[in-house]
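*Asks:* Sharing a structure with you now.
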Amino acid sequence: MHPSSRALSKILPRAAVPESSIIAPMALPTISRAKQPTVIDKLLAKKKTAMEAGRPYPQNLRLETFQDVRASWQGIGKDLRRELKLLAREK
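As structure tokens, then:
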């Protein structure tokens, strides 16, 4: 008769295992978005280096930064605010 996997394993209560042998699960690495430059920052840097080198930068590329100020959302209904903020946020 062959032993089953259930017969080979033995389940111990947590109290029977010493604290030093309990291994905590490894935390998942989090990606910090604050360290990564945004697309606007990259384009502004590219524009600055082009201007310093004397190369013309295309006039049809308009770069604007979005300021999420509470006062700018005052006149908009609460149901539309979330949708508009998601659309305005850079992906």
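For the sequence shown, numbering that gives the first Met the number 0 gives the first residue as 0, with consecutive numbering after it. Backbone N, C-alpha and C fix where the C-beta goes; we use that ideal spot for every residue, glycine too.
1) Need the endpoints of the alpha helix (DSSP H) that residue 46 sits in, please.
2) What separation, rounded to the nearest whole angstrom, lies between the Cα atoms of residue 44 and residue 71?
3) In whole angstroms, what is the alpha-carbon distance linking residue 61 and residue 83?
4) Going by beta-carbon coordinates alone, are residue 46 and residue 56 separated by less than 8 Å?
5) Under DSSP, the alpha helix (DSSP H) around residue 77 begins and ends at which residues?
*Replies:* Inspection of the coordinates gives the following:
1) Start and end: 38-51.
2) 28 Å
3) 21 Å
4) yes
5) 77-87
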